[in-house]
Amino acid sequence: MKKKICLITTSPLIVNFFLVPYLTSLGRKYRVSLVVNTAEETVLAEGHGAEVIALPIRRKISPWNDLRTLAFLVRLFRERRFDAVHSFSPKAGLLATMAGRIAGVPVRIHTYTGQVWMTRSGIMRSLLVAADRAIARFATHLLADSPSQLLVLLELGIVRSAEKCRVLGSGSVSGVDPARFRPDGSARAAVRRELRIAPDATVLLFLGRLTRDKGVFDLAQAFSSLAATNPAAVLLLVGPDEEQMRQAIESICRAHIGQLRFAGYTRNPERYIAAADVLCLPSYREGFGTAIIEAAAAGVPAIGSRIYGIVDAIVEGETGLLHTPADTSDLAGKMDMLLKDPALRER
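Here's what the structure looks like:
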């Protein structure tokens, strides 16, 4: 009889971005269940073969809902008698590892993919730090998606022992499929036609959730400062607008709004990477920065903030450039450098 494994996360976005390869691969050897909040607007990817169980969970702190979700998971784990539970995302990690311990699940794995509390302060930061520490206590095995993130977890006492927490390979949640992310001239031309981007334009791409923590305001300000002297430059933002950022970005870049493009959520990031000349990820927090290595696989250099996680994804001077976090002048300078130097981009 096949052993039973349960993967759990809060959002279909995480499944669609990272977990489909896990589900497909594990399904060849194990009976796999996926527990996820199916009530979100994002449509869950299909074709992975896993049983999908709807989870009544919210990403934000909600004591009553969180207690209900914990009870739901304890019942589920006791009924299904999973051999292992693997959680992704902080809220899912806390509730799944706790429920797994109560229900007696023998293997409880959690993957740290970045820390929400890095951009928080006061009591909220303390609560979120405590949650990450609790995950480390309740889990039997831990993974971090970058070496520098693991160092931070150890230095801050979130994880007490390096023996309990590992990094797979050189980092990332699920790696990159080089056959999918590769230079693609036909996709490049097609996307540019769809978005009315000139064939000779230089495209700066942001790929990810449009949120403050991802640095999209900094990116807009930096682009606005150099757009006038780079009239052939286009800033393309691809990803779900979770915090209604578009209007603010357009306001910041109002003098150059014709050089902005928005593409929304996509399940095919490789198409937009193929259309880009530079990837920009000016995040304030990041576990690794998978989009950076996806771009690298396609031969597209990246500009990223010099923070833990991203420093493992960019080889400075070879696959991209690093800028000082929250420094829009430094970010603009790095963007301008790559905009004006095709040879440097191609190096």
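Counting from 34, one number per residue, gives the positions in the sequence shown under my numbering.
Where a beta carbon is used, it is the ideal one built from N, C-alpha and C, also for glycine.
Since we're looking at a predicted model, the values are computed, not measured.
Check                                                                                              : Outcome
Where E188 sits in the DSSP three-state scheme                                                     : helix
Cα-Cα separation, S258 to L160                                                                     : 38 Å
Boundaries (first-last residue) of the beta strand (DSSP E) holding E84                            : E84 to A87
L270 beta carbon less than 7 Å from that of F250                                                   : no
Cβ distance (whole Å) where Y145 is taken to contact A177 below 8 Å                                : 5 Å
Cβ-based neighbour list, G248, same chain, cut-off 7 Å, excluding 5 preceding and 5 following      : P315, S316, Y317 and S338
Pairwise C-alpha distance: L371 and T71                                                            : 41 Å
Residues sharing a beta bridge with L268, DSSP                                                     : L237 and L293
For I168 and A222, the rounded distance between their alpha carbons                                : 46 Å
Where K37 sits in the DSSP three-state scheme                                                      : strand
Extent of the continuous alpha helix (DSSP H) to which S257 belongs                                : V249 to L259
Three-state secondary structure (DSSP) of V162                                                     : helix
Per-residue DSSP class, three states only, for A195                                                : coil
I340 to E319 span [Cα, whole Å]                                                                    : 8 Å
Burial state of F280, where buried means 16 or more other Cβ atoms lie within 10 Å                 : Here residue 280 turns out to be Gln, not Phe, going by the sequence shown. It is exposed - the Cβ of Q280 has fewer than 16 other Cβ atoms within 10 Å.
Element boundaries [alpha helix (DSSP H), containing F110]                                         : P96 to R113
Neighbourhood of T244 by C-beta, 8 Å cutoff - its chain only, sequence neighbours within 5 removed : E275, E276 and M278
Own chain, CB closer than 6 Å to K197, minus 5 neighbours either side, in chain order              : L175
Given 8 Å, three or more beta-carbon pairs between the region 140-157 and the region 112-122       : yes
Selected residue, minimal CA-CA separation from R101, among H81, R242, E112 and A132               : A132
Cutoff 6 Å; reference K37; Cβ partners in own chain excluding five residues on either side         : R64, F115 and D116
Contacting residues, own chain, Cβ-Cβ under 8 Å from A265 (five flanking each side not counted)    : A231, D233, A234 and T235
Bridge partner(s) assigned by DSSP for G337                                                        : L314 and L355
8 Å contact criterion, which L312 and L228 should meet: CB distance rounded                        : So it is not a contact: roughly 16 Å between Cβ atoms.
Extent of the continuous beta strand (DSSP E) run through Y145                                     : V140 to Y145
Beta strand (DSSP E) segment containing A429, residue limits                                       : Since the displayed the chain opens at 34 and closes at 380, residue 429 lies outside it and no answer follows.
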